[in-house]
Amino acid sequence: MANSKYEYVKSFEEEDEVMLPNLIVVRIEGRDFRRFSDDHKFERPNDEKALDLMNSCAAAVLEEYPDIVFSYGFMDEYSFVLKKKSKFYKRRASKILSVVVSLFTSVYVTKWKDYFPQMELTLAPSFQSRIITCASMEVVQAYLVWRQNNCHVQNQYNTCLWMLIKSGKNEREAEEVLKGTGKQEKNELLFKQFGINYKKLPPMFRQGSCVLRRVKRLKTEVEYIVVHSGNIASRSFWSGHSFLMKELGGFEEDINKVKPEYLKSFVFERKLMPSTWIVVRIDGRHFHGFSEVHEFEKPNDEQALNLMNSCAVAVIEEFEDVVFSYGVSDEFSFVLKKDSQFHERHASGIVSVIVSFFSSKYVMNWKDFFPQKELKKPPSFDGRAVCYPSTEILRDYLAWRQVDCHINNQYNTCFWMLVKSGKSKSEAQDYLKGTRAQEKNELLAQQFGIDYQTLPVMFRQGSSVFWDKEDPTERYSDERDGKCRKKVVVEHCNIIEQSFWKAHPSILDEKH
Ligand code: ATP
Ligand code: ATP
Ligand code: MG
Ligand code: MG
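So this is what it looks like as structure tokens:
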């Protein structure tokens, strides 16, 4: 659909396709999981239920995205390897890393009660994710060796640390004892002081877990299995799973050291241009189907929009660099202040934590908006980050989204009125083909007695969510310290015109 003079803003979006023959690995890691695991009383050093939950989330990700053929995880991280010539989301890095972390997170929240029936979720869990581009299977192998080494090193350290803490030391003292100790010394400490033979600890703790897809005997069904192995990047492990050989290929030789230049590529992340407005736009994945499964009212389900808005409020409260957001349908745009140093301006960090946190909240808040409806499938969102160099262009971006809201809403209102009046979906589509705004308004008025302008303003103008600190008379004082408190508000207003920005000068004030 042709869409106004604002469409030029699309040209600021960057291409981030991972070119062939590179292989794509996605890694997710818990965000602030030390706090999350403290608050939810995880057992130390390893909470088996928490690890089982991670594994079942990984299985759900493999089930939903057939392009992922291998996964490996430990503690609060998981890595996913895509098949060699995958065309998943046409290999766009940002889309891939966001839909993986989003689904993982919403499954984590959905399944939480199955693993922790006694423990209510008090914090919204979230994860960050990134793409690791591997030029060959040799690089994938090095990556897996590196992650499994990390699992081993961290687990050995944590086992010592928590044994010392449980025996009466405080955390700082325990850290002091372990400073500078090697692997051998740690094993000796465990054995001599605590009678623990490290090698006898559960394989899941020492080696991490792989989730693999396996075709069942009948060959009509697949299942997802969790396996543990001392060396997931060895030729022997790999050749025991023929589909890994088929989808990824094998390794030439076994390795146990990772080349430092490879390590550098594993930690590399693209930075967004400094001193530019960053917009993170997230959009529901397959929400057409999601809205049907959950019987959203058409064309606009008010509660579904309110749920989206509640998640945006939570994002604004959680991430202080987000100064404004605008949402419509299954999408939300979050504007980060120009000089934001959030995640050191790493695109993947910024996009992934916002999309993950939003997904987490969406599942957690569902029952508040749909008390009678069960959440039948976990929602997921894709995300991208785009930089806009001036306030003028940023405002054109927001205007573009609001014009889009208007065009889509007008079309959808006509479409669903026609369908509800007895036309088939394709008849309604043909009927509306080529009609202009004016004609659509006339159709609504004449055939259905609807004055478009009187439809709910949230449907027509979308939702703007931001910190309100404009009207001093409306401010309320915090009784404890007498300071003025700001609050996040949801408004439905015209953000194309100057007047909104004049009335709220602090939102895009560059001196934030
Ligand atoms: P960041 O946001 O920088 O990643 P973080 O708080 O997530 O910070 P990490 O270094 O990633 O810090 O550590 C994750 C912490 O989560 C571990 O130190 C551990 O305390 C806890 N944790 C995660 N999974 C488990 C588990 N299965 N059992 C026990 N503790 C866990
Ligand atoms: P993609 O994965 O490419 O984003 P999608 O199915 O999510 O595919 P969109 O173009 O994002 O396609 O459109 C979102 C769809 O979700 C709309 O067409 C609409 O059917 C549905 N939808 C989203 N929010 C609502 C709502 N509040 N009320 C009714 N329907 C909604
Ligand atoms: Mg969508
Ligand atoms: Mg959409």
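Positions 2 to 513 (this note's numbering) are the ones given, in order, by the sequence shown.
The beta carbon of each residue, even a glycine, is placed where N, CA and C say it ideally should be.
Asked	Found
heavy atom of ligand 2 below 7 Å from Asn524 C-beta	Nothing about residue 524 can be read from this structure; the chain reaches only from 2 to 513.
Anticipated Cβ contact below 8 Å, Leu98 with Ser72, distance rounded	About 14 Å separates the two Cβ atoms, so there is no contact after all.
C-beta contact flag for Val387 and Phe13 at 8 Å	yes
Proximity to Glu16 [Cα-Cα], best of Cys415, Lys42, Asn156, Ser95	Ser95
Candidates Val102, Met309, Phe37, of which the one nearest Tyr66 by Cα	Val102
Span separating the alpha-carbon of Glu440 from that of Glu428	17 Å
Per-residue DSSP class, three states only, for Tyr66	coil
Distance cut-off 7 Å: Asp284 Cβ against heavy atoms of ligand 4	yes
Cβ-based burial, Ile351 [other Cβ within 10 Å; buried from 16]	buried
Ligand 3 heavy atom lying under 7 Å from the CB of Phe359	no
Given 8 Å, three or more beta-carbon pairs between the region 193 to 209 and the region 106 to 125	no
Sequence-distant residues of the same chain with beta carbon closer than 7 Å to Lys184, five excluded per side	Gln157
Cβ-Cβ distance between Val364 and Val110 below 8 Å	yes
Segment contact flag, the region 367 to 379 with the region 138 to 155, C-beta cutoff 8 Å, min 3 pairs	no
Ala125 (DSSP reduced to helix, strand or coil)	coil
Touching by the beta-carbon criterion (3+ pairs, under 8 Å), the region 233 to 248 and the region 271 to 286	no
Pairwise C-alpha distance: Lys426 and Val420	6 Å
Helix, strand or coil at Ala348 according to DSSP, with G and I counted as helix	helix
Bounding residues of the beta strand (DSSP E) (the contiguous stretch that carries Lys488)	488 to 492
Given Phe335 as reference, the closest of Ser349, Phe320, His344 once Cα atoms are compared	Phe320
Contact between the region 72 to 84 and the region 54 to 63 (3+ Cβ pairs under 8 Å)	yes
Met20 burial status per 10 Å Cβ neighbour count (16 or more: buried)	exposed
Secondary structure, beta strand (DSSP E): runs of 3+ residues fully inside the region 418 to 473	464 to 469
Given 8 Å, three or more beta-carbon pairs between the region 249 to 265 and the region 121 to 139	yes
Same chain, Cβ closer than 7 Å to Ser127, neighbours up to 5 away in sequence not counted	Arg32, Thr106, Val354, Ser357, Phe358, Ser361
Sequence-ordered residues whose beta carbon comes within less than 5 Å of a heavy atom of ligand 1	Gly31, Arg32, Asp33, Phe34, Arg35, Ser38, Phe43, Asn47, Asp48, Ala51, Leu52, Met76, Asp77
Any non-hydrogen atom of ligand 3 closer than 7 Å to Asp331 Cβ	yes
Residues that DSSP places opposite Ile25 in a beta bridge	Thr134
Residue environment, Leu395, which counts as buried when at least 16 other CB atoms sit within 10 Å	buried
Trp502 - partner residues in DSSP beta bridges	Answer is none; Trp502 lacks a bridge partner.
Same chain only: Cβ atoms within 8 Å of Ser464, ignoring 5 sequence neighbours per side	Leu306, Met309, Asn310, Ala313, Tyr327, Gly328, Val329, Val491, Glu492, His493
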